[in-house]
Amino acid sequence: METLLLGAGLLLGAYVLVYYNLVKAPPCGGIGSLRGRTAVVTGANSGIGKMTALELARRGARVVLACRSRERGEAAVFDLRQESGNNEVIFMALDLASLASVQAFATAFLSSEPRLDILIHNAGISSCGRTRETFNLLLRVNHVGPFLLTHLLLPRLKSCAPSRVVVVSSAAHRRGRLDFTRLDCPVVGWQQELRAYADSKLANVLFARELANQLEGTGVTCYAAHPDVKCKPPSQAETLGFITNTIKKSYSGDSDKLPFSQGVVSLTCELRTLPASPSWMAVSYFAPTGLATTPGTSRGCPDTPVLCSAGGH
344 METLLLGAGL LLGAYVLVYY NLVKAPPCGG IGSLRGRTAV VTGANSGIGK
394 MTALELARRG ARVVLACRSR ERGEAAVFDL RQESGNNEVI FMALDLASLA
444 SVQAFATAFL SSEPRLDILI HNAGISSCGR TRETFNLLLR VNHVGPFLLT
494 HLLLPRLKSC APSRVVVVSS AAHRRGRLDF TRLDCPVVGW QQELRAYADS
544 KLANVLFARE LANQLEGTGV TCYAAHPDVK CKPPSQAETL GFITNTIKKS
594 YSGDSDKLPF SQGVVSLTCE LRTLPASPSW MAVSYFAPTG LATTPGTSRG
644 CPDTPVLCSA GGH
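One rule links them: number in this note's numbering = place in the sequence shown (from 1) + 343.
This is the structure:
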């Protein structure tokens with residue numbers, strides 16, 4: 344019974360978050376033309392990724408939807424072209440769980456697209472499994488795949504500088520505690536899955552921070568973004584129920600202090616004019632209200648460079 348209640352709460356919470364973040368969300372404003380620029384958005388066939396791709400397309404960018412499902416990806420291309428009036432929206436296959444697929448995507452993209460100005464790592468999963476390579480699937484999709492993709496596309500980003508990388512993380516990273524000696528351990532049960540998800544989101548933040556430091560002076564900037572788990576008007580708070588609110592709070596930390604947003608904070612993060620000093624890049628984490636500090640675990644982790652080297656192989 345407890346399992347059924349938890350499942351029902353998760354489904355209800357997911358529905359409310361998607362509905363109020365995407366259906367009720369107003370268009371994103373304050374961003375100029377992006378004509379002549381090319382953006383790659385992973386997982387852009389639905390949710391925040393699709394919304395972000397729409398806003399990019401509305402501003403004239405050439406947008407590559409990097410998605411696992413051809414059917415859903417091509418359906419999203421049709422929708423976005425219709426809604427934005429921009430035919431420069433295309434689909435390219437990418438499965439972040441497969442390193443071979445990541446490499447194939449990079450090869451195809453680099454051979455067909457002369458520019459890359461914006462790379463948005465939006466795709467991610469929240470449930471776990473095992474791949475044939477015997478690696479935690481959740482960490483593979485949420486961190487290792489994006490790490491490899493960034494590495495393969497980095498020369499093109501540098502040649503098109505100023506350019507930007509955005510890693511969509513989550514306030515759940517505050518619950519993460521990375522242990523590099525246990526990354527390949529089995530994940531069993533929903534409690535371990537929640538912990539593994541938080542760990543993968545912490546890996547996102549640490550990766551973005553270290554990449555920003557390593558790319559200083561290249562014209563390529565890198566930021567992590569929290570996509571706003573509090574995406575419902577305050578007047579709806581009492582209708583969600585105890586389970587949904589408990590789940591939301593356990594992930595978002597102090598997200599109740601955040602305003603109702605458009606659900607495309609990743610878009611404003613990767614497009615607004617941001618200072619690029621070393622002190623800024625050391626805390627390159629965005630929430631819907633703007634710059635947000637990360638917990639001590641992510642600010643001071645001595646093993647952060649591992650996430651830009653051995654941790655991603």
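By construction, the Cβ of each residue, glycine as well, lies at the ideal position given by its N, Cα and C atoms.
Since we're looking at a predicted model, the values are computed, not measured.
Practice task
Would you identify the three-state DSSP class for Ile-433, choosing helix, strand or coil?
Solution key: Position 90 of the sequence shown, counted from the start, is the residue given in the question as residue 433. In this structure, Ile-433 counts as strand in the three-state DSSP scheme.
Problem - Residue interval of the beta strand (DSSP E) (run including Ala-466) - result: The residue given as residue 466 occupies position 123 in the sequence shown. Per DSSP, Ala-466 belongs to no beta strand (DSSP E) and is neither H nor E.
Handout entry: Member of Pro-505, Thr-493, Thr-561 and Ser-502 whose CA lies at the smallest distance from the CA of Ala-551
Key = Taking the sequence shown and counting its residues from 1, one reaches residue 551 at position 208. Checking every option, the nearest Cα to that of Ala-551 belongs to Thr-493.
Practice task
Inspect the beta-carbon positions of Val-420 and Ala-382 and report whether they are closer than 8 Å.
Solution key: Sequence index remark: in the sequence shown, residue 420 carries index 77 (1-based). Sequence index remark: in the sequence shown, residue 382 carries index 39 (1-based). Ala-382 sits away from Val-420, with the two beta carbons spaced by 8 Å or more.
Practice task
Going by CA-CA distance only, name the one from Pro-505, Thr-395, Asn-547 and Ile-463 that's closest to Gly-560.
Solution key: To locate residue 560, count along the sequence shown from 1; it is residue 217. Of Pro-505, Thr-395, Asn-547 and Ile-463, the residue nearest in Cα terms is Pro-505.
Handout entry: Classification of Pro-489 by the beta-carbon crowding that lies within 10 angstroms, buried from 16 upward
Key = As a first step, residue 489 must be located in the sequence shown, where it is residue number 146. Pro-489 is buried by the Cβ-count criterion.
Problem - Pro-498 versus Gly-392: straight-line alpha-carbon distance, rounded - result: Here residue 498 corresponds to residue number 155 of the sequence shown, with the count starting at 1. Here residue 392 corresponds to residue number 49 of the sequence shown, with the count starting at 1. C-alpha separation (whole angstroms): 24 Å.
Practice task
Determine the contact status of Arg-402 and Leu-377, defining contact as a CB-CB distance below 8 Å.
Solution key: Within the sequence shown, the letter at position 59 stands for residue 402. Within the sequence shown, the letter at position 34 stands for residue 377. Closer than 8 Å, so yes.
Problem - Rounded separation between Asn-547 and Ala-541 - CA only - result: As a first step, residue 547 is located in the sequence shown; it is residue number 204 there, counting from the start. As a first step, residue 541 is located in the sequence shown; it is residue number 198 there, counting from the start. Roughly 10 Å separates the two Cα atoms.
Practice task
Return yes when the Cβ of Val-484 is within less than 8 Å of the Cβ of Ala-568, no when it is not.
Solution key: Here the question's residue 568 lines up with position 225 in the sequence shown. Here the question's residue 484 lines up with position 141 in the sequence shown. Contact flag unset, no.
Handout entry: Test item: CB-CB of Ala-287 and Phe-448 under 8 Å
Key = Given that the chain is displayed from residue 344 to residue 656, the structure contains no residue 287 and the question cannot be resolved.
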